[in-house]
Amino acid sequence: MRPARGGPPMLDPDRFDPAAHVAAVAPAVGLVLDAERQARVAAALALVVRIAAPAFAVPLEPTSEPAPVFRP
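With this note's numbering applied, the sequence shown corresponds to residues 152 to 223, in that order.
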């Protein structure tokens, strides 16, 4: 859920720690990652966060609903 207009951003790419996130989440979902793979996953996640940040920064009204089908 996104915050109402004027609320804090849902995702702050400057404060997000992808390595810490991967280290915490991987065991929770049953993944065993060696240090090299964990670093590669964290690097990919950092890129995903940077790409997604502008979309997450768009404020939505509390009544906004996702479209069931995309129609350009």
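The C-beta atom is built at its ideal place from N, Cα and C for all residues, glycine as well.
Bear in mind that the values here come from a model prediction, so they are computed numbers and not experimental data.
| query | result |
| --- | --- |
| Any 3 or more C-beta pairs closer than 8 Å across the region 192–199 and the region 163–178 | yes |
| Exposure label - Val192; buried when at least 16 CB within 10 Å | buried |
| C-alpha distance - Gly181 paired with Arg222, whole-angstrom precision | 38 Å |
| CB-CB length for Ala175 against Leu184, believed under 8 Å | Not a contact, Cβ separation roughly 12 Å. |
| Ala218 to Pro210 span [Cα, whole Å] | 16 Å |
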